[in-house]
């Protein structure tokens with residue numbers, strides 16, 4: 001069984017490495033202890049939503065992008081390859097869809 005925290009850690013590490021950032025740099029900018037962030041990346045600790053948001057900001061990456069990648073990887077691990085594609089969940093306010101993804105407005 002794949003643990004959600006492991007997928008989050010893998011995705012955070014992948015984004016950090018893609019950006020050419022060190023663990024120390026990201027931890028410092030996110031105001032997170034270096035050892036703690038290391039444990040999160042290794043899937044040993046679960047990060048709070050506040051920590052995830054701070055790390056995402058330090059990586060200059062929207063948290064929704066990070067969580068979307070986690071979701072896609074997790075669905076593959078579960079054998080359910082479901083993607084939103086051109087669907088917008090009905091929980092997203094219409095004005096956000098209009099402002100940020102007008103091509104998806106029916």
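Numbering (full-length UniProt numbering), first residue to last: 1 to 106. Note that the Cβ used here is the ideal one computed from N, Cα and C, for glycine as well. Because the structure is a prediction, the values reported are computed rather than measured.
With burial defined as no fewer than 16 other Cβ atoms inside 10 Å of the residue's Cβ, what is the status of residue 2: buried or exposed?
exposed
Inter-residue spacing [alpha-carbon to alpha-carbon] between residue 58 and residue 70
18 Å
Does DSSP classify residue 59 as helix, strand or coil?
coil
7 Å Cβ cutoff met for residue 76 and residue 51
no
So which of 64, 60, 73 has the shortest CA-CA distance to residue 26?
60
Quick check on the burial criterion: 16 or more other C-beta atoms within 10 angstroms. Buried or exposed for residue 42?
exposed
Taking the alpha carbon of residue 53 as the point to measure from, which residue in 29, 73, 18 has its own alpha carbon closest?
29
Considering only the beta carbon of each residue, do residue 24 and residue 34 sit closer than 7 Å?
yes
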